[in-house]
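Trainee:
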Amino acid sequence: MKTSIALGILAAMAFAAIGCGSPRVVRGITSRADQVKFLYIEGGDTGVVKCQLGADGTLSNCHPMTVALED
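Residue 26 in this note's numbering sits at position 26 of the sequence shown, with consecutive numbering throughout.
Put into structure tokens, the structure is as follows:
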């Protein structure tokens, strides 16, 4: 009984440590030729992810871009 309670507490702590991150919300999408860029907000951070767009609509080679956004 004590073992199952301890395992339950351990599982809850592990979930709290990794399962409660800020959601990433896409605020804008732009595309040009075979490139797509996503503007996202995650917690207090804002960033851009750039991807290659395949002929069938699949995204590949996605990577974050370094940007400096000004108010």
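No residue lacks a Cβ here, since even glycine has one placed at the ideal position from N, Cα and C.
In the structure shown, what three-state DSSP assignment does residue 42 receive?
Mentor: Note: residue 42 maps to strand in three-state DSSP.
Trainee: I'd like the span of the beta strand (DSSP E) that includes residue 28, first residue to last.
Mentor: Looking at the DSSP string, the run of the beta strand (DSSP E) that includes residue 28 is 24-32.
Trainee: So what does residue 48 bridge to, in DSSP terms?
Mentor: Beta-bridge pairing links residue 48 to 39 and 65.
Trainee: What is the rounded straight-line gap between the Cα of residue 61 and the Cα of residue 45?
Mentor: Approximately 22 Å between the Cα atoms of the pair.
Trainee: Below 8 Å on the Cβ atoms is my guess for residue 47 versus residue 25; work out the distance and round it to an integer in Å.
Mentor: Actually they are not in contact, since the Cβ atoms of residue 47 and residue 25 sit about 11 Å apart, beyond 8 Å.
Trainee: Quick one, are the C-beta atoms of residue 28 and residue 39 less than 7 Å apart?
Mentor: Yes, the Cβ-Cβ distance between residue 28 and residue 39 is below 7 Å.
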